[in-house]
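Residue numbers (numbering that gives the first Met the number 0), protein chains in the order written: chain A, 0 to 459; chain B, 0 to 97.
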Amino acid sequence: MAHLVNYIYIVSAALFILSLKWMNSPATARRGVFSGEIGMLMAIAGTLLAHQVFNWQWIFAAFLIGTAVGIPIAYIMPMTAVPQRTAMSHACGALAAALVGTAEFYREPNQPKYILVALMIETLLGFLTFTGSLMAMGKLQEVLPQRPITYRNQNFINLGLFALAAALGVRLILVPTDTWIFPVFAGLALVFGVLLIIPIGGADMPTVIALLNSYAGLSACAMGFVLDNKLLVIAGALDGSSGLILSIIMCKAMNRSFANVLFGAFGQLQTKAGHAEQRPVRSASAEEAASILEASSSVIIAPGYGLAVAQAQHKIRELFDALMRRGVDVKFAIHPVAGRMPGHMNVLLAEADIPYDRLYGMEDINSEFAQCDVALVIGANDVTNPVARYDKSSPIYGMPILDVDKARSVMVIKRSMRPGFAGIDNDLYYLDKTLMLFGDAKAFVTEILKELPVLAAPTV
Amino acid sequence: MLSNLELGLYVFMLATFLGLEVIRRVSPLLHTPLMSLTNAISAISVVGAILITGAQGATTLSKVLGFIAITAAVTNIVSGYLITDRMLKMFKKREEKP
C-alpha cells in the first residue's frame, strides 16, 4: 500500500497539470476544474488509506467544518467580492502551510539542515502571507483604508524587521534545540506581513493579490521538501509560478516594477492633483448619445471598475443587445488592470451574460480603435488617458493604455470632471471628438436605452 | 543515486518551468478563475496536515495545529473548486440564433 500511494500521487500531479492546461480556453476550462477535483480526491483518499492514520475524529471534524464553511462561501459570494474571497483563500492556504511547519518543527527539531531550511522558508512565507492576505482582504472589503498607510522610515523599519526574522530563522537552523526562538520568529513574520501590505494603495491590489498567491504557493512547495512529498512540491510550484506570471502581467500593465509596487507607496507621489485649469469640454444628453450610437456601425466599450461600483453590468448588457440587434458591431476592450484582480472585469461582464467572444484584451483591440465609430468609456479613467503616451512628467507616463482617443468619436460616461484615482487630469476629455455624458453609469445607460426603442429580432 | 533533496530540487525546477509555460497559455479572460483554481490545487497541503494530525502519538499541539490547518485547507479546496466552476459557467459564447 505504501508504494501504491506514490503512484496515486503521480496520477494526481498529472491531473493538476492537465487541469491548468485546460484553462487555456473557456471551452475546456470546466473540464479543467473537474480534473483538478479528481486529482485532489485521489490524493486525499490515497493518503488516508495508505498511511497509518490515527486521530480520525480530529481529521473528520476538520473536514466537516471546512466543507460547511466552504460551500456557502462559494455560492453566496457576489462576483464583485471575488477578490476578497481570493485574498481570504491565500490567507487560509498560507496559514495551513505555516501551521503544518510549526507542528513539524515542534515534533522533531533535530532534522537534517536542508529540511530545517525548507521549514523556515515554509513558516516565514506562510505566516507573512497569512497576515498580509488578511490586510489585502481588509483593503478590498474597505474595512481598512484604501489609501497607503505610511510613516517615517517605513521601508527601513520593514526591511529591518524582515532581516531580524530571517536572522532568527538562520539561528534556528543552526541551533534548532533553542525552540523558544520559534514563537518570536513566527511573531515577527506575522507582523512583517501586516507592515508589508498596509503601505500599498487600493489600486495596486491586483498586483499584490497575485504576489501573495505566489508566496502561498511557494510556502506549500517548501512544505513538500519538509515532508518529502513530491506532489506538494509540484502543486506548490504550479501555484507559485501562476502567481508570479499574473503579478508580472499586472506590473507591466501599470508600467511599474515589483520594487515600486511594494516599496513605492504610489498614492503619495501625486497628491498635488490641482492646477486643473478650466478647459472647455463638450457634453451631450442621453438622447444625442443614443442617436449617435444608433447611427454608428461599430462601437467599442471600455469598461472600468466604476461600472461594477455603479452596478451597471446588466444595463450595459441591455445596451449591447439593443445595439447588436440594430446591426451595430459592439466589442469590449478590457485593460489588464480593469477590476480589482487579474481578469476580474471579464468575470463581471460574463456574469451579466455578455458573450466572452466579445471581450477583447488590450493588445487585441488597440489596433481596432482607429476603425471604430464610437468608443464608449464607462467607469474607466487612467487606463484611457493619452497623457501616458506623451507627457514624460506624468506619473502614469509609459503605462500601456486603451487607445480610445483614436476612435472617430469618443463618449465618456462620468459623474463629474473630478480626476481619477491617480489624481491626474485626463486629456481625453478635452478632445474635440469627445462627448462627456455626465451622470451615474447605470442611470445614464438606462436613459440611453429609453431612446432606443426595442426592436424585434432581425429578420435577416 | 540522488538524495531526497536533489530529487526534490529537480522536481521543483521542472514543475516551475512547466507551470510558467502552461500558465502563459491560459486565456487572459480566465485569469480570475485561474487564480481560484491554483489556490484550490495548492490546498493539496491538506495531505501534509493529515499526516501531522494523524501521526501515531501526535502531541496535543500537533493535533490542534493540524486540525486548524486541515480546516483551512479543506475550506480552500471546497470553496475554490466550487467558485471556479461557478465563474466558468458564466462564460458563454454568443448563441447563434436560427
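Note that beta-carbon positions come from the ideal geometry of N, C-alpha and C, so glycine has one too.
Of all Cβ atoms in chain A, is any one closer than 8 angstroms to the Cβ of residue i?
i     : result
K89/B : It should be noted that the sequence gives Met, not Lys, for residue 89/B. Yes, contact with chain A.
V73/B : yes
M86/B : yes
L29/B : yes
L33/B : yes
T59/B : no
L50/B : yes
L36/B : yes
L1/B  : no
I82/B : yes
K92/B : yes
L4/B  : yes
Go to residue i, then tell me how far its beta strand (DSSP E) extends in each direction, as first and last residue.
i      : result
T433/A : T433 to F437
Y74/A  : Here Y74/A belongs to no beta strand (DSSP E); instead the alpha helix (DSSP H) covers W55 to I75.
K330/A : D328 to I333
A301/A : S297 to P302
L347/A : Segment H343 to E350 is the alpha helix (DSSP H) holding L347/A; no beta strand (DSSP E) there.
V409/A : S408 to K413
G360/A : L358 to G360
Can you give me the start and stop residues for the alpha helix (DSSP H) that residue i sits inside?
i      : result
A374/A : Per DSSP, A374/A belongs to no alpha helix (DSSP H); it is in the beta strand (DSSP E), V373 to I377.
A119/A : Here the sequence assigns Met to residue 119/A, which means Ala is not the residue at that position. Residues K112 to Q140.
I88/B  : The question names Ile, but residue 88/B in the sequence shown is Lys. Run containing K88/B: T59 to M89, per the alpha helix (DSSP H) assignment.
M39/A  : A28 to A49
L1/B   : From DSSP, L1/B is part of no alpha helix (DSSP H); its letter is neither H nor E.
M222/A : M204 to V225
V280/A : From DSSP, V280/A is part of no alpha helix (DSSP H); its letter is neither H nor E.
I43/B  : Premise fails: I43/B is in no alpha helix (DSSP H) and is neither H nor E.
D320/A : Q312 to R324
P489/A : What the structure shows of chain A is the stretch from 0 to 459, and residue 489/A is not part of that stretch, so it cannot be assessed.
F443/A : A440 to E450
F368/A : Here F368/A belongs to no alpha helix (DSSP H), and DSSP marks it neither H nor E.
V25/B  : Element bounds for V25/B: n/a, residue is neither H nor E.
Hey, is residue i's beta-carbon within less than 8 angstroms of any beta-carbon in chain B?
i      : result
V329/A : no
V336/A : no
N540/A : One cannot answer for residue 540/A here, as it falls past the ends of chain A, which runs 0 to 459.
K138/A : no
G326/A : no
Q277/A : no
E317/A : no
I233/A : yes
S392/A : no
T458/A : Caution is warranted here: a pLDDT of 47 is assigned to T458/A, below 50, making its placement in the model unreliable, and the coordinate value is therefore given only provisionally. Answer no: the Cβ-Cβ gap between T458/A and chain B never drops below 8 angstroms.
Q56/A  : no
L98/A  : yes
L183/A : It is Val, not Leu, that sits at residue 183/A in the sequence shown. For V183/A, the answer is no, since every Cβ of chain B falls outside 8 angstroms of its Cβ.
P77/A  : no
G342/A : yes
L19/A  : yes
E103/A : yes
I72/A  : yes
A311/A : no
Q484/A : Nothing about residue 484/A can be reported from this structure: the residues present for chain A run from 0 to 459 only.
L48/A  : no
R106/A : yes
G201/A : no
Assuming residue i and residue j form a contact by the criterion Cβ under 8 angstroms, report the distance between their Cβ atoms to the nearest whole angstrom.
i      : j      : result
F319/A : L358/A : Not confirmed; about 11 angstroms, so no contact.
A374/A : V409/A : 5 angstroms
G342/A : L211/A : Not a contact, Cβ separation roughly 16 angstroms.
H89/A  : A283/A : In fact, because the Cβ distance is near 44 angstroms, the residues do not count as touching under 8 angstroms.
T85/A  : M34/B  : 6 angstroms
L115/A : L50/B  : With a Cβ gap of about 18 angstroms, L115/A and L50/B do not count as contacting.
S218/A : A96/A  : 4 angstroms
Q.
Output needed in chain order: residues of the stretch 6-24 of chain B with a Cβ under 7 angstroms from some Cβ in chain A.
A. G7, V10, F11, A14, T15, L17, G18, L19, V21, I22, R23 and R24
Q: May I ask you to verify whether the stretch 137-145 of chain A touches the stretch 156-171 of chain A, counting CB pairs closer than 8 angstroms and requiring at least 3?
A: no
Q: Using a Cβ-Cβ cut-off of less than 9 angstroms, give me the residues of the stretch 119-143 of chain A that come near chain B, in sequence order.
A: none
Q) According to a CB-to-CB cut-off of less than 8 angstroms, which residues of the stretch 276-306 of chain A neighbour chain B? A) none
Q. Any contact of the stretch 39-56 of chain B with the stretch 35-47 of chain A, i.e. 3+ C-beta pairs under 8 angstroms?
A. Result yes; three or more Cβ-Cβ pairs closer than 8 angstroms.
Q: Would you list, in chain order, the members of the stretch 212-239 of chain A that have their beta-carbon closer than 9 angstroms to a beta-carbon of chain B?
A: Taking a C-beta cut-off of 9 angstroms against chain B, the contacting residues of the stretch 212-239 of chain A are N212, A215, G216, S218, A219, C220, M222, G223, F224, V225, L226, D227, N228, K229, L230, L231, V232, I233, A234, G235, A236, L237, D238 and G239, listed in chain order.
Q) Three or more beta-carbon pairs under 8 angstroms between the stretch 348-367 of chain A and the stretch 15-24 of chain B, yes or no? A) no
**Q.** Against chain B: residues of the stretch 21-36 of chain A by CB proximity under 9 angstroms
**A.** M22, N23, S24, P25, A26, A28, R29, G31, V32, F33, G35 and E36
Q. Between the stretch 73-87 of chain A and the stretch 116-126 of chain A, are three or more C-beta pairs nearer than 8 angstroms?
A. no
(Q) Contact between the stretch 306-325 of chain A and the stretch 1-16 of chain B is defined here as three or more beta-carbon pairs at a separation below 8 angstroms; is this criterion met? (A) no
**Q.** Selection of the stretch 344-375 of chain A by Cβ proximity to chain B, strictly under 8 angstroms
**A.** N345, V346, A349, E350, D352, P354, Y355, D356, R357, L358 and G360
Q | chain B contacts made by the stretch 239-257 of chain A, where a contact means CB separation under 9 angstroms | A | Here the close residues are G239, S240, S241, G242, L243, I244, L245 and I248.
Q | Stretch pair the stretch 107-114 of chain A + the stretch 183-200 of chain A: three plus CB contacts closer than 8 angstroms | A | no
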